Structure formats: C-alpha cells, structure tokens
Amino acid sequence: MLFVWREALVGLRRNLTMTLAMVITTAISLGLLGAGLLAVRTIDRTEDLYYSLIAVQVALDEPTSAEDPDCSSPVCRDLRAELEADPLVASVEYESREAAFTRFQRIYAGQSILQLVRPQSLPATLRVTMDDPLRGTEIVDRFTGRPGVRNVVDQRSTVADLFSFLGSVRNATFGLAIVQALAAVLLISNTIQLSAFTRRTEVGIMRLVGATRWYTQVPFLIEAVVTGVVGAVLATAGLVAGKVFFLDNLLSGRLLANTIPPIGMTDVLGYVGPVLVVVGAVIATATGYVTLRLYVRS
Numbered sequence: 001m002l003f004v005w006r007e008a009l010v011g012l013r014r015n016l017t018m019t020l021a022m023v024i025t026t027a028i029s030l031g032l033l034g035a036g037l038l039a040v041r042t043i044d045r046t047e048d049l050y051y052s053l054i055a056v057q058v059a060l061d062e063p064t065s066a067e068d069p070d071c072s073s074p075v076c077r078d079l080r081a082e083l084e085a086d087p088l089v090a091s092v093e094y095e096s097r098e099a100a101f102t103r104f105q106r107i108y109a110g111q112s113i114l115q116l117v118r119p120q121s122l123p124a125t126l127r128v129t130m131d132d133p134l135r136g137t138e139i140v141d142r143f144t145g146r147p148g149v150r151n152v153v154d155q156r157s158t159v160a161d162l163f164s165f166l167g168s169v170r171n172a173t174f175g176l177a178i179v180q181a182l183a184a185v186l187l188i189s190n191t192i193q194l195s196a197f198t199r200r201t202e203v204g205i206m207r208l209v210g211a212t213r214w215y216t217q218v219p220f221l222i223e224a225v226v227t228g229v230v231g232a233v234l235a236t237a238g239l240v241a242g243k244v245f246f247l248d249n250l251l252s253g254r255l256l257a258n259t260i261p262p263i264g265m266t267d268v269l270g271y272v273g274p275v276l277v278v279v280g281a282v283i284a285t286a287t288g289y290v291t292l293r294l295y296v297r298s
C-alpha cells in the first residue's frame, strides 16, 4: 500500500497543472451542486413557514362588515359555524372591519398609503386555517358566491411567485452544476490518460514481473479520488464563505428579514458538506475506473 500511495502522489505532482485544473473544476461543479441543495432546503423551509401562517380569507359583504363587529349576525354566524364544522378546517377567526383597519395601520405605519385608506375600504373577514394548506381551493370553490360573502381568497396564491422564483434559482444552479460536472469528468479522464501514458514504461515493467492489472491501476484511481475529495472540501469552504460574507448579510436585510429562513452553518457543514465529499469521491472513482477500462490497455 505504501508503494501504491507513493505512486499516486508522484502522479499528482507530475501533472500538477492538470491536477489543479481538475480540482478547481470539480470544486466549482460541486459548489454549484451544494448551492442547489441549499436552495432546495431553503425552499422547503420557506414553504413550511408560509404554509403555517397563510389562511383562506372569507371576506364578508358590505352590509355584514358595516353592521357586525363580533360575528353575531345570522349570516356571519352561520358561515362561521359551517366552516368550523368542516373537517378540512383547523380553526376560524373573525376579524372585524375595525380590527382589519388597525392591523393595516400597523403594517403600513409611516407610509403615504395610510392617507388613502379608510376603515370602510376594508371588509370584515373570516380567517380560515386549514389542516392541509394545499386544499384551500376547496373552501374557495365552496364559499365563493354564497350570501353575505364578498370574495374568498386563498393566501397560498400570494406566495406562489416567491416559490416560483426560488425554484427557478434552484433549477438554474443545478443546470450549471451539470455542465461543470461534465467538464470535471472530462478533465479527470484526460488527466488519468495522461498520467498513464507518462508512466507506461513503469506499468509495463510491473506487469512483466507479475503485478496484476488492478494493482497497477490503483494509483490512478487514488489520484482521481484525492482530487475529487479535495475539490469537495474546497467547494464546502466556498459555501461557508458565501454564507458568512454574502447570504447572512442578504437574509438579514430589511427586504428579506423574516421572509426567508436563514441558512445555518449545520446546513452547510452537517448536511451539504458530507454529500459533496461522497459525490466527489464517487464521481472521481467511477470516471477513473471507466477511463482505465476503456483507454488504458497495458
């Protein structure tokens, strides 16, 4: 084994520029893959966060909103009772017109839009929390057009654009990762072929004295695995740096604070990092093995 490792290190030093190019390309492709995995994890958490907060809003018509501050009128009471009896509904809260205007003032405090809105502009609302947020459209279909109902809105539709944007970022990242991974595979293959060609005399002598084909090929596989693992470590370090110097500042800003869940260091080091090391090692090993079987005959 000492001889095998020594031969692998000799090969890495002999083709230093190719080795560096292979490590850097592997690191970039694995870094993009890691960014995609973090994007998927963030999207899942964001969906869980918003789905736990969003509700179906049953806005009441003008007469009911103006005359019913506590949902005691027959129209509001019957609607609320029917919603609470529905097995799809977890809870129902009534928000009067005055309460809605107070909340509106709190949300838009200090903004000019407050001068344009009066309490009469806002309807009283039954806020319906679903057991399964994905089935909110069933409540929308059932209660739209009912007597006393102005409109029914599934708040899930308001965050659809955000999830679509995050999904686009994830898909673009994975697409770039695939392209870079292909480049890394080609570099690994070329490096192994070059390394085997420069050591063809040594390998031939070893075969003549009885060394098996597998024994002569192991150093080349070790070279590939080392570059793959080093590339994965560099990719993980790059993700850590991106989190500390970019993502943390971005997600703590006023625009995105409390909008997208932050990415923790455990997400990078405890989840993505090990995955990248395994993927880097597997890709390098598989590429090296196939290259040796197809192109190295001695």
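Each residue of the sequence shown is one higher than the one before, starting from 1 at the first, in full-length UniProt numbering. Built from N, CA and C at the ideal position, the CB exists for glycine as well. Bear in mind the structure is a predicted one, so any value in this text is a computation, not a measurement.
#### Entry: Option nearest T158 by Cα separation, candidates L88, E84 and A55
A55
### Message
Would L114 and Q105 qualify as a contact pair, given that the criterion is a beta-carbon distance under 8 Å?
### Response
Against a cut-off of 8 Å, the Cβ pair of Q105 and L114 comes out as a contact.
#### Entry: Neighbourhood of A235 by C-beta, 7 Å cutoff - its chain only, sequence neighbours within 5 removed
A27, L30, G31, G34 and L276
### Query
For the alpha helix (DSSP H) that contains V244, what are its first and last residues?
Neither: V244 is in no alpha helix (DSSP H) and is coded neither H nor E.
### Query
If we count Cβ pairs, one from each stretch, closer than 8 Å, do we get three or more for the stretch 89-98 versus the stretch 16-26?
no
### Message
Tell me whether the stretch 128-140 and the stretch 36-44 touch, counting them as touching only if at least three CB pairs, one residue from each stretch, are closer than 8 Å.
### Response
The stretch 128-140, when compared against the stretch 36-44, does not touch it at the 8 Å Cβ threshold.
### Identity of the residues DSSP links to S91 by a beta bridge
Beta-bridge partners assigned by DSSP to S91: T129.
### Task
Using DSSP bridges, identify the partner residues of residue 299.
As displayed, the chain neither begins before 1 nor continues past 298, which places residue 299 out of reach and without an answer.
### Task
Put G238 into one of helix, strand or coil per three-state DSSP.
Of the three classes helix, strand and coil, the one that applies to G238 here is helix, per DSSP.
### Task
Please name the residue in M265, M22, V58 and A284 whose C-alpha comes closest to that of V153.
The option with the nearest alpha carbon to V153 is V58.
### When R118, P123 and L38 are compared against C71, the one with the closest alpha-carbon
The option with the nearest alpha carbon to C71 is P123.
#### Entry: the stretch 225-242 contacting the stretch 264-272, beta-carbon criterion three pairs below 8 Å
A contact exists between the stretch 225-242 and the stretch 264-272.
### Message
Taking 8 Å as the cut-off, does the stretch 279-287 touch the stretch 226-234 (at least 3 CB pairs, one atom from each stretch)?
### Response
yes
### Query
Where does the unbroken alpha helix (DSSP H) through V140 begin, and where does it stop?
G136 to F143
### Cβ pair M22, I222 closer than 8 Å
No, they are not a contact pair.
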